[in-house]
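**Q**
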Amino acid sequence: MIGLLGGKFGEVNPNGVKFYNNIIDNLLLKGIQPFVTIAHHDFPQELEDRYGSWLSPLMQEEFAYYANTCFRNFGDREPFGNCSTGNSDTEPLIVMHNLLLAHAKAAKLHHEHFQQKYGGFIGIVASAHMYRPLTDDVHDREAATRVLAFNVAWVFDPLVYGGYPPEMQHFLGNELPTFSPKEKEYIRGSIDFIAVNHYSTLYTKDCIYSSCILGGDRPIRGFAYTTGQDQNGVPIGEPTGMPVFFVVPEGMEEIIDYLKKRYLNKPMFVLENDAPPED
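Quick note on our numbering: the sequence shown kicks off at 3 and runs consecutively.
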């Protein structure tokens, strides 16, 4: 660990800093340029107990403090950084809101105090499936577009344009958290590049104008149901060891094209593209 589990209430752990410095230095000795993610899915238990994880806006300041520690100790050698139980219908909106603002605060800190000195760029990664309509019906086509907004643009729209996707605003209304004018100022343009993890392509069925499997009619899912099989039970691609992942090579090109168009050809990196074998 770089710091004590208490976050701002603890002290920086010099042994942790030394450990990561050794890793970075050895990578550079081998000619490997680090591409670093400073926050993934893991979360310190003490901060979970203290704040309730990303459900608390106080985690925004904790993340900025943590990012500042990383920038100060490793920024001269790491050019890249990144800023992923309860009510699954509402709490993801709160979690994502706080996570995006935490990223934006860390990016603002880097751009204002570290980028000119050390260089480097800041981005964020999204797990970006591609979605195709289950049928050629206009409502299924609309659902496929809608699900892309609810899953991919949910992450990138605020960081590029300063607000949530219009598709989400339309269907979620007041349930969607809002950004203050000040927050919009520093969240807009807070990524230098887009990063993508792409694992699969899925079919999408509209749940507004037609009956749907239980769960697809939820607002948080964009009133759509996603599946890896067509109406005859035929998989969309070669099955893998993950029940919801299928090998659909064209999906990679399709999701990249979608992101290029939506975000005006912003620099992009593909970080992950794989799935475990079926056996």
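C-beta: ideal position from N, C-alpha, C; glycine also.
If you're wondering where the values come from, they're calculated on a predicted model, not measured in any experiment.
(1) Excluding sequence positions up to five away, which residues of its chain have a Cβ less than 8 Å from the Cβ of leucine 57?
(2) In whole angstroms, give me the CA-to-CA distance for valine 140 and aspartate 27.
(3) So which of Leu150, Glu144, Tyr188, Ala66 has the shortest CA-CA distance to histidine 200?
(4) Which whole-angstrom value is the C-beta distance of glutamine 62 and leucine 31, which I expect to be below 8 Å?
(5) Would serine 192 and alanine 109 be called neighbours here (beta carbons separated by less than 8 Å)?
(6) Please report the distance separating the alpha-carbon of isoleucine 40 from that of glutamine 117.
(7) Could you tell me the distance, in whole angstroms, from the CA atom of glutamate 280 to the CA atom of phenylalanine 181?
(8) Could you check whether threonine 203 and valine 236 sit closer than 8 Å to each other, using their CB atoms as the reference points?
(9) Let me make sure I understand the geometry here. Which of Asn15, Ile189, Lys119 has the alpha-carbon closest to that of aspartate 159?
(10) Using only alpha-carbon positions, find the residue among Val198, Gly164, Ile257, Tyr227 that is nearest to isoleucine 210.
(11) Between proline 135 and alanine 146, is the Cβ-Cβ spacing less than 8 Å?
**A** By the coordinates alone:
(1) Gly88, Glu93, Ile96, Val97, Asn100
(2) 55 Å
(3) Leu150
(4) With 8 Å as the limit, glutamine 62 and leucine 31 do not qualify as a contact, their Cβ atoms being about 36 Å apart.
(5) yes
(6) 16 Å
(7) 43 Å
(8) no
(9) Ile189
(10) Tyr227
(11) yes
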